[in-house]
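Read through the structure below, which is laid out as structure tokens, and then see the notes.
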Amino acid sequence: MEPVAGCNAGGTHYLCGPAVPGGPRPVLYTDSEGQASLIAESLAEALTLAVALPSWHDALAGFRPPALSSDYLDDHPGHPAVRDRLLATLRLPPATEPEVLDRLLATAARTVPDGFLPHVPDEEDSAFQPMLEPLAD
Numbered sequence: 001m002e003p004v005a006g007c008n009a010g011g012t013h014y015l016c017g018p019a020v021p022g023g024p025r026p027v028l029y030t031d032s033e034g035q036a037s038l039i040a041e042s043l044a045e046a047l048t049l050a051v052a053l054p055s056w057h058d059a060l061a062g063f064r065p066p067a068l069s070s071d072y073l074d075d076h077p078g079h080p081a082v083r084d085r086l087l088a089t090l091r092l093p094p095a096t097e098p099e100v101l102d103r104l105l106a107t108a109a110r111t112v113p114d115g116f117l118p119h120v121p122d123e124e125d126s127a128f129q130p131m132l133e134p135l136a137d
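Structure below.
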């Protein structure tokens, strides 16, 4: 794992797997509370997630992300235009919040079965817990 970014909440984003020139590497996020999740199949997908669905943490905690509600768009009417402009500037493909959410949940569901939960060798109870919880309505 290779750390590539941090966040203001104390979390860290890591690229996982071997570095293959031109090949994608999954992105794992660990938070400061001992939880972790795969969040994207590649760094480009992780950037798309951050741009299109900045409240992606809510989805992993079982809540509907605010960007998917009409109230959010009422309060942030420029969000779709800003999202589209930023994705284009970063040369990332267009993406909607529901598409990004579906990819996030599918990727996060692989965290445990594919063995991506990190742990600290030689320390008891050092394994991270999965972030993904079933979505609440």
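Heads up, the sequence shown is in UniProt numbering, so the first residue is 1 and it goes up one at a time.
Yeah, the Cβ is synthetic: ideal placement off N, Cα and C, and Gly gets one too.
All values reported here derive from a predicted model rather than from experimental measurement.
Exposure label - residue i; buried when at least 16 CB within 10 Å
i: residue 137; result: Low confidence applies here, because residue 137 scores a pLDDT of 49, under 50, leaving its location unreliable; read the following figure in that light. Its Cβ having fewer than 16 others within 10 Å, residue 137 is exposed.
i: residue 100; result: buried
i: residue 225; result: Here the chain has residues from 1 to 137 only, and residue 225 is not among them.
C-alpha distance - residue i paired with residue j, whole-angstrom precision
i: residue 2; j: residue 79; result: 31 Å
i: residue 64; j: residue 70; result: 12 Å
i: residue 28; j: residue 129; result: 13 Å
i: residue 18; j: residue 86; result: 29 Å
i: residue 22; j: residue 15; result: 14 Å
C-beta atoms of residue i and residue j nearer than 8 Å
i: residue 10; j: residue 31; result: yes
Could you say if the stretch 104–112 and the stretch 31–46 meet the contact criterion of at least three C-beta pairs nearer than 8 Å? yes
Are the stretch 52–67 and the stretch 90–99 in contact at 8 Å, needing three or more beta carbon pairs? yes
Report yes or no: do three or more beta-carbon pairs, one from the stretch 30–38 and one from the stretch 109–120, lie closer than 8 Å? yes
Starting from the N-terminal side, write out each stretch of the beta strand (DSSP E) that is 3 residues or longer and does not extend beyond the stretch 58–137. none
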